[in-house]
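Chains as they are written, first to last, in the working numbering: chain W, 25 to 366; chain S, 28 to 588.
The C-beta atom is built at its ideal place from N, Cα and C for all residues, glycine as well.
Source: prediction; values computed, not measured.
Contents: one structure, followed by commentary.
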Amino acid sequence: MTTATVFNAIVGQQHAIRLLKTFIRNGTLPHALLFTGNDGVGKKITATAFAMACNCLTLQSAIRRRPHLDAIDACGDCGPCRKIAGNHHPDIIHVAPLSSVIRIAQIRKLLQALTLKPNEANRRVVILADAQTLNPEAGNALLKVLEEPPDRTLLVLTARQTSDLMPTIVSRCQHIRFSPLREADIKQLLTAAGGIKPETVEAVAALCGGSFTRAQKLIDSRWLNRRDWIIQAMGSQMADTGISGIRAWLAWSEMLAKKKDLIEDSLEIITLWLRDILVFRTDPQRVLNQDRLEALSAAAKHVSQTQLLEQIDAVDRALTALRSNTNARLTLDAMALRMAGA
Amino acid sequence: MAYLVLARKYRPQTFEEVVGQEHVTRTLKNAISGGRLAHAILFSGPRGTGKTTIARILAKAVNCESGPTPIPCNACRSCKDITAGRGVDVFEIDGASNNSVDQIRELRDNSRYMPAHSRYKIYIIDEVHMLSIAAFNALLKTLEEPPAHVLFFFATTEAHKIPITILSRCQRHDLKRIDIAAISQQMEALCRHEAVSISPGNLWTIARESGGSMRDALSLLDQILACRDGQVDDEYVMNLLGGMDRQVLFDLSEATFSRDISRTLAAIDTVYKNGQDLKRFYADLLMHFRHLMLIKMNARPDVLVDLSPNEIEILARQVEGVPITFIDQVFTLLFNAESSVRYAAQPRLAIEMVFFKIQQITPALPIDLLIERLDSLLHDPHLKPVSGIVEAQSGYGDAAIPPPAEGHRMSMADDPAVGPESAGNGAPGNPDGARPDDHGTGKETWLTIIALIAKTKPSIAAALSRSQLISVSEQAFTVRVRDNDYSMNLVKKNLPMIDAACRELAGRGIHVDFSSGDTDEKHATSAKQKADDIKQQLLNHPLVADAVEIFGGKIEEIKIR
């Protein structure tokens, strides 16, 4: 987990943070909050900052004077702030999925802990990360406490989208949306991380879809190399419609199948690329692979729109098939053949 | 006391305050005043409609110190305790976290003891659908015949998960979704209470967003009130509720109808950048196109209740000039792609792809128009593109008149000498049976000859009876033997004998035609060939192919009459 930051140090998400600050200033803190947004847009970090702001001693004494909204922030220096930042505050309870599921045992433990009064905190905060992974039993077990939690207790749930959660959970929470980070924000974050070439920063910021976690993954040079290889291979294959073209497609699918754990990434790269070719014809500004415009314009010449849609369909089907544990090599071969139009 | 959200602060405390569930509250009130309250009651219904609330009010009503009363006093000790959630005789149990059989056993054991100071010991089990099967079964006996001082109230959102043995022991009350008007009215009352003003339009938006759940509506209202810095203006509400998304929907449908893919992409991008739940957005999109279709079909206004008049007007303007078949095509495509969007790793891409596909649609013509055109084509032979069908059809008709057997009879009719036995290849065992005898003496004589020959040489007679009498002249019978080689040879060998017999009986010779024995078959095959050709022609006809494609059918059979 990233080290805890105060509100004002969080990049992006002004809307959500403004809302939280208003809650604190007006003293109208709801008992359950639901943060939704893509992975890596800053939900957890905001939740921690929120927990700090709720408990910061400096802020508590300042709040009576009703300071300006910008001034509402944890000091990061008092006892509670340090403890929360150091992740050893006894009243900030983190619940996260164990091996991709949150089980009822975890929730029972949480309920047990909540029956006691908070140790020292002004407000006890439960941060339940990835609430979409709650299994049905665990989710139902949470309902009662989510509706009427004990005194001085606040629950923060994070999830990707509300549609992944039980409607009974969503209806008990105040819902705060987190938008994908803007390209400028990602660039700022990446530049701050340091040691990255500016052109890589540009390319990744456009490709990552507003998720910093994803941007960090893409920054890895292997990912970029893989993309370049796929783009280049597909470019030459698409131009060649003869039998040698089909041979090239099959060789390509074999290469793809070799790195088992990277297949999904590769398919995603392919889909993005095909989508970009499609979009490039009508709207070059909306292309995601902004750094490869020439390659796009070259590729766009060879294929028709119907063909592209079919190819995207093929990749999509392969992805679904792979998720249900089919043989990777055969699936990719079939995909390549369909893409080649054979 | 810490800040309470509106949904908790204004939780109804009497039956009268419960909104939109009169059918339940009135029944319960009457049951209480009539002293006919069931010992086990199940409340089911969607989230935020008042299940737990009604259960609590009911508990207060029966335990209130002023007797079981439809109107709890909310002042006595029992009422206050229940409101505060610390009543010693009212156990509100979370069925989801206490779902094991052990916990139910404990409950059953404790239920035997008398209540501490109230009339009844009441068990409210919330989220009861999460009890395990064993737990449900352990409860059955107690639930059927509980001690006189025990009442069970269950609340659940998923009544279908409850075993029927439990259901049959409970009195069940189904709560409805609360309608938009009732929700916005209630919110208006709360706003007056809280001394804030929000325009009715905004309240309506909130109510619609809530999907019939009071708690959802109040959560949204709470969020709006919590963040008010002075005035609550429309834009702020819209922004907070994602009301902007509705604008995007309108944009999107307009771009779709004008086939402007780049505007479509822009709209999707806006939604994505807003951090909206794309799957939810897609569901809204489906709903939006449904509305467009309904408006195009001039649906009654009551199926469009969740649209404001203003929106209906905008939608009506959009569908103007767009053929309904196109809207239908778009809607169908969107609907079919729903599952692929729902399970997509990147919903945004999936949605974009759907719109690319939509862009490719060639607008279909309405069926009635197609039929009309077909009709006009059929009726107007001068129309050039139609000539194809008309020819095919008339050819079809021509071919239909002479199918092999009938064609025969017609050509035979020209020649009165030809017997009908030729048509069906005769009836070998019955050469001179009850055949219609209308072709003159030649025919009759020939039959007599055969009958005579049959007396001496039955085999030859059989061969002859299977032959065909072509013509009868003064000099000779002309006969065509069109059977197998055996009968041909038989006739050939015995020709002199037959000739003699003929001469003797009819004074005519016989002329047998061996060579042209199969012209008839040729005629038959050529007719078949012709029919096949017609079939092939029909199959290949562009009009037929179009019909098959439009209706998505397949050709089962071609009948030629």
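With 7 Å as the threshold, decide whether the Cβ of residue i is near any Cβ in chain W.
i: S/Glu576; result: no
i: S/Gly94; result: no
i: S/Tyr309; result: no
i: S/Ile288; result: yes
i: S/Gly75; result: yes
i: S/Asp121; result: yes
i: S/Glu154; result: yes
i: S/Ala450; result: Here S/Ala450 scores only 42 on pLDDT, less than 50, and its place in the model is too uncertain to base an answer on.
Identify the contact partners of residue i in chain W, using a Cβ-Cβ distance below 7 Å as the criterion.
i: S/Val115; result: Neighbours of S/Val115 on chain W: none; closest Cβ ~18 Å, over 7 Å.
i: S/Asp1; result: The requested residue 1 of chain S does not occur in the structure, where chain S is confined to residues 28 to 588.
i: S/Ala253; result: Thr46, Phe47, Asn50 and Thr52
i: S/Gly302; result: Gly61, Arg201, Phe202, Ser203 and Pro204
i: S/Gln556; result: By Cβ distance, chain W contributes nothing, its closest Cβ being about 39 Å from S/Gln556, past 7 Å.
Please report the straight-line C-alpha distance between residue i and residue j, rounded to a whole angstrom.
i: S/Gln556; j: S/Ile587; result: 13 Å
i: S/Thr192; j: S/Ile151; result: 19 Å
i: W/Ala15; j: W/Ser277; result: This structure gives no information on residue 15 of chain W, because the portion of chain W shown stretches from 25 to 366.
i: W/Ala358; j: W/Ala338; result: 9 Å
i: W/Glu292; j: S/Ala310; result: 24 Å
i: S/Gly228; j: W/Arg147; result: 36 Å
i: S/Arg242; j: W/Ile255; result: 51 Å
i: W/Thr70; j: S/Ala343; result: 44 Å
i: W/Ala40; j: W/Ile200; result: 6 Å
i: S/Ile388; j: S/Arg375; result: 21 Å
i: S/Leu107; j: S/Asn101; result: As written in the sequence, residue 107 of chain S is Lys, which differs from the Leu given in the question. So the alpha carbons of these two residues sit roughly 6 Å apart.
i: W/Asn349; j: W/Ala281; result: 14 Å
i: S/Ile480; j: S/Glu471; result: 14 Å
i: W/His118; j: W/Arg127; result: 14 Å
i: S/Ala234; j: S/His220; result: 18 Å
i: W/Arg347; j: S/Tyr370; result: 11 Å
i: W/Ala155; j: W/Ser268; result: 50 Å
i: W/Lys133; j: S/Gly94; result: 41 Å
Quick one: does residue i have its CB under 7 Å from some CB of chain S?
i: W/Ser203; result: yes
i: W/Asn143; result: no
i: W/Ala155; result: no
i: W/Asp307; result: yes
i: W/Gly365; result: no
i: W/Asn146; result: no
i: W/Asn349; result: no
i: W/Thr177; result: no
i: W/Arg90; result: no
i: W/Leu368; result: Absent from the model: residue 368 of chain W. The displayed extent of chain W is 25 to 366, so no value can be given.
i: W/Ser368; result: With chain W represented from 25 up to 366, any question about residue 368 of chain W goes unanswered, as that position is not in the structure.
i: W/Leu291; result: no
i: W/Gln84; result: no
i: W/Arg299; result: yes
i: W/Lys211; result: no
i: W/Gly219; result: no
i: W/Asn313; result: no
Thinking residue i and residue j are a contact (beta carbons under 8 Å), I'd like their distance in whole angstroms, please.
i: S/Leu280; j: S/Gln345; result: Here residue 280 of chain S turns out to be Ser, not Leu, going by the sequence shown. So it is a contact: roughly 6 Å between Cβ atoms.
i: S/Leu25; j: S/Phe181; result: Nothing about residue 25 of chain S can be reported from this structure: the residues present for chain S run from 28 to 588 only.
i: S/Ile81; j: S/Val51; result: 6 Å
What residues of chain S sit near residue i, judged by a beta carbon separation below 8 Å?
i: W/Ser277; result: Those within 8 Å of W/Ser277 in chain S number zero; the least Cβ separation is about 20 Å.
i: W/Ala319; result: The premise fails here: W/Ala319 is roughly 19 Å from chain S at the closest Cβ pair, so nothing lies under 8 Å.
For residue i, go through chain S and note every residue whose CB falls closer than 9 Å to its CB, in chain order.
i: W/Glu334; result: By Cβ distance, chain S contributes nothing, its closest Cβ being about 11 Å from W/Glu334, past 9 Å.
i: W/Gln329; result: Phe383, Gln386 and Gln387
Keeping to the same chain, check which residues put their C-beta closer than 8 Å to that of residue i; ignore five residues upstream and five downstream.
i: S/Leu331; result: His318, Leu321, Ile322 and Ile339
i: W/Gly36; result: Val65, Gly66, Ser203, Leu205, Arg206 and Asp209
Taking Cβ-Cβ distances shorter than 8 Å, what residues in chain W pair up with residue i?
i: S/Ile151; result: None at all; the shortest Cβ gap to chain W is about 11 Å.
i: S/Glu347; result: Per Cβ cutoff of 8 Å: no residues; S/Glu347 is ~26 Å from chain W at best.
Note down, in chain order, each residue of its chain lying with its Cβ closer than 6 Å to the Cβ of residue i, except the 5 sequence neighbours on either side.
i: S/Gln198; result: Ala65 and Ile68
i: S/Ile149; result: Ala86, Val117 and Leu178
Cβ closer than 7 Å: which chain S residues qualify as neighbours of residue i?
i: W/Thr237; result: Near W/Thr237 there are no residues of chain S at all, since even the closest Cβ is about 15 Å away, more than 7 Å.
i: W/Leu81; result: Result: empty, since nearest Cβ-Cβ is about 18 Å, beyond 7 Å.
Just to confirm my understanding: we take residue i, look at its own chain, exclude 5 residues before and 5 after, and list those with CB closer than 7 Å. What are they?
i: S/Leu247; result: Ile233, Glu236, Ser237 and Leu268
i: S/His315; result: Leu276 and Ser280
For residue i, go through chain W and note every residue whose CB falls closer than 9 Å to its CB, in chain order.
i: S/Arg35; result: His55, Glu171 and Glu172
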